[in-house]
Amino acid sequence: MVTALAYTFWSMTDWPDAYELVPSASTVFIEETKIPKEVTWTGNQVVAKLYRLSEENIPIEVNGRLFQYEADVKNFQSTIPLNATYNKEIILSETGKVAKIIFTQQ
Numbered sequence: 099m100v101t102a103l104a105y106t107f108w109s110m111t112d113w114p115d116a117y118e119l120v121p122s123a124s125t126v127f128i129e130e131t132k133i134p135k136e137v138t139w140t141g142n143q144v145v146a147k148l149y150r151l152s153e154e155n156i157p158i159e160v161n162g163r164l165f166q167y168e169a170d171v172k173n174f175q176s177t178i179p180l181n182a183t184y185n186k187e188i189i190l191s192e193t194g195k196v197a198k199i200i201f202t203q204q
C-alpha cells in the first residue's frame, strides 16, 4: 500500500515537468522571434508585374529604367535578366497610396 501511494505521489509530481515540454501558443510566440528574410523577386516575376502596369497604373522602375507605359514594356523588357533576383521597394505618396515600385537587381 505504501508503494502504491508513493508511486501515485511520484507520478503526480512528474506532471508539471512533462506539461512544460508540450508546446502551446504562448511558447511559440515567445520562442519564434526571428525576423523573416526579405522576399526577393525573379526577373520573370518582375516582367510579369510590368505586364500588369496598365491595370494598376503605377510606374515601375527596374535597375534605373522607368516603365510607365505599355510601349516601355514592349520596347525594353528584354533588358531585364530573367534569372536575376531583385529587391522590391515601394514608394508611397503623401496620401499613403503606392506612387512607384522600384526593383533593384541584387
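Following our numbering, the numbering of the sequence shown begins with 99 at its first residue and continues without gaps. Yeah, the Cβ is synthetic: ideal placement off N, Cα and C, and Gly gets one too. Since the model is a prediction, treat every value here as computed from it, not as a measurement.
{"Check": "Give me whichever residues DSSP pairs with ASN185 in a beta bridge.", "Outcome": "THR202"}
{"Check": "Report buried or exposed for TYR184, applying the criterion of at least 16 other Cβ atoms within 10 angstroms of its Cβ.", "Outcome": "buried"}
{"Check": "GLU153 lies in the alpha helix (DSSP H); which residues open and close that run?", "Outcome": "151-154"}
{"Check": "To the nearest angstrom, how far is the alpha carbon of GLN166 from that of ILE200?", "Outcome": "12 Å"}
{"Check": "Taking all protein chains shown into account, decide if ILE178 is buried (16 or more other Cβ within 10 angstroms of its Cβ) or exposed.", "Outcome": "buried"}
{"Check": "Here's a check: name, in chain order, each residue in its chain whose Cβ is nearer than 7 Å to the Cβ of ASN142, leaving out the five neighbours to either side.", "Outcome": "LEU180"}
{"Check": "Could you check how far apart the C-beta atoms of GLU159 and LYS198 are, in whole angstroms? I think they sit under 8 Å.", "Outcome": "6 Å"}
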